[in-house]
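What follows is one structure encoded as structure tokens, with my remarks underneath.
Protein chains in written order, with our numbering: chain A, 953 to 1095; chain B, 2 to 318.
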């Protein structure tokens, strides 16, 4: 069984609300700089340039963005696509299910962390077919 | 001030000792009743197991409350110490009562910490997934090829289905899955599992794990039977197998490989329960009511022996 992870490290791929908003803007307009992003974010709620710069810095550190210097400002480009980021988040979900520590917040239809060989699954399928056959015949044989 | 600290400390010490003692009894008794319990209808068995898990906490708390409430002095047989007035069993041994109080505070802090960690994890995941998902009438669709479906949250549960899963199963399969996941929401299963986790904190780790796994199996199986009311036992069993087949033995995510960590015993038991059927019998339901009555009765009956036992213990110390 994988080693249990510490509580603070249970969602290593998680992004904050502002980080996600910034990612959305950069996916729709790659190459934006901090000033332009601040203007766009300020449409919904007041936002400071320094806050956006710090957020961009974090996203670069988290390998979600890469940047190129153009003149005095950095331009930011997505390093992860929307689907890749979602895949990373799902990795957290699967990790949590593997650790067994998240089944108080997550319930999955089948345990994606469970290992059941094809042979065992075949046997169970045969069991279902036998039961179906019995029901068709109206009999009650032993399983 | 000192008096009330003594009473509070004595209360905490008695409660904690009794809680641990009851937890020990549960650890010894559970292996004996486990096999028949797993053959019961999972909805009733799950409720009974919840009650069993709550038993050490509730019984110890209720008995200790009765013991330290003057209105229930009549539950203790008449006896005299220095004078013959009604009295509480106050622990006067230096350091013992404050130690009990500290221990209770430590356990309560641990409970609060666990609760906070889970709450934070749940809200962070939910907040992110909500922003990344496409809203569908009955679920949120996640645009990734990994075949996964899960329910997230405690009160307002949300079902998440990935595009990978949606494309790999039929409409009927998806309907079965949603019926199962909706049953989780209606039964508030994630809250159940959370409460169970809190109740098992004082149990040995191995026993807590066993109880939690069994409860998880019962909860999942109960939702299978809820889905089976609409789609039939065998159709639900077939969907379970189909979705399990979609789960790879190892997950390749980016450069990282996550190996499947658990045996598929749970899925096997769930499928067999659906195939063989589980009936809610009258005596199973009666058994559940009897267990509740026994808990209430035991709380009252324990007061007298507990009072004298603690006084003997104080005399020994």
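Every residue, glycine too, gets a C-beta built ideally from N, C-alpha and C.
Chain-order list of residues whose beta-carbon lies under 6 Å from that of residue i (same chain, five-residue window excluded)
i	result
residue 179(B)	139
residue 191(B)	155
residue 23(B)	57, 60, 61
residue 164(B)	144
residue 1037(A)	none
residue 112(B)	199
residue 232(B)	177
residue 35(B)	none
residue 41(B)	285
Start and end residues, beta strand (DSSP E) containing residue i
i	result
residue 1020(A)	1017-1022
residue 151(B)	150-153
residue 1025(A)	1025-1030
residue 141(B)	141-143
Test item: CB-CB of residue i and residue j under 9 Å
i	j	result
residue 229(B)	residue 275(B)	yes
residue 132(B)	residue 972(A)	yes
residue 1044(A)	residue 966(A)	yes
residue 1034(A)	residue 979(A)	yes
residue 162(B)	residue 91(B)	no
residue 1041(A)	residue 1016(A)	no
residue 987(A)	residue 981(A)	no
residue 182(B)	residue 151(B)	yes
residue 11(B)	residue 101(B)	yes
residue 108(B)	residue 17(B)	yes
residue 1076(A)	residue 268(B)	yes
residue 169(B)	residue 247(B)	yes
residue 173(B)	residue 240(B)	yes
residue 270(B)	residue 38(B)	no
residue 985(A)	residue 1025(A)	yes
residue 1029(A)	residue 968(A)	no
7 Å Cβ shell around residue i - same chain, five flanking residues per side excluded
i	result
residue 299(B)	60
residue 959(A)	Interpretation of residue 959(A) is limited by its pLDDT of 43, a score under 50 that renders its predicted location unreliable; no figure is taken from the coordinates.
residue 47(B)	216, 219, 220, 223
residue 237(B)	177, 225, 228, 229, 275
residue 272(B)	238, 241, 242
residue 55(B)	200
residue 312(B)	90
residue 213(B)	197, 198, 201
Start-to-end residues for the alpha helix (DSSP H) that takes in residue i
i	result
residue 160(B)	Unbroken run through residue 160(B) is the beta strand (DSSP E), 159-163; no alpha helix (DSSP H).
residue 281(B)	Run containing residue 281(B): none; DSSP gives neither H nor E here.
residue 222(B)	206-232
residue 969(A)	969-980
residue 47(B)	43-68
residue 128(B)	97-133
residue 1089(A)	1070-1089
residue 176(B)	172-188
residue 313(B)	304-317
Spatial distance of residue i from residue j (CA atoms)
i	j	result
residue 167(B)	residue 148(B)	8 Å
residue 293(B)	residue 122(B)	34 Å
residue 263(B)	residue 175(B)	Low confidence applies here, because residue 263(B) scores a pLDDT of 42, under 50, leaving its location unreliable; read the following figure in that light. Cα to Cα, the separation comes out at about 25 Å.
residue 295(B)	residue 208(B)	23 Å
residue 153(B)	residue 130(B)	10 Å
residue 31(B)	residue 204(B)	12 Å
residue 1007(A)	residue 1000(A)	11 Å
residue 95(B)	residue 1014(A)	54 Å
residue 285(B)	residue 45(B)	7 Å
residue 1087(A)	residue 277(B)	12 Å
residue 1012(A)	residue 990(A)	17 Å
residue 970(A)	residue 28(B)	47 Å
residue 193(B)	residue 282(B)	23 Å
residue 26(B)	residue 1074(A)	41 Å
residue 302(B)	residue 1084(A)	52 Å
Residue environment, residue i, which counts as buried when at least 16 other CB atoms sit within 10 Å
i	result
residue 156(B)	exposed
residue 279(B)	buried
residue 245(B)	buried
residue 14(B)	buried
residue 200(B)	buried
residue 290(B)	exposed
residue 234(B)	buried
residue 1032(A)	buried
residue 1090(A)	exposed
residue 1023(A)	exposed
residue 994(A)	exposed
residue 49(B)	buried
residue 185(B)	buried
residue 20(B)	buried
Minimum Cβ-Cβ distance from residue i to chain D less than 9 Å
i	result
residue 231(B)	Annotation note: the requested chain D is absent from the structure, which comprises protein chains A and B.
Cut-off 8 Å between Cβ atoms - residues of its own chain near residue i, not counting five sequence neighbours on either side
i	result
residue 141(B)	130, 131, 134, 135, 159, 160, 161, 162
heavy atom of the ligand ZN below 8 Å from residue i C-beta
i	result
residue 170(B)	With respect to the ligand ZN, the structure offers nothing, as it holds no ligand at all.
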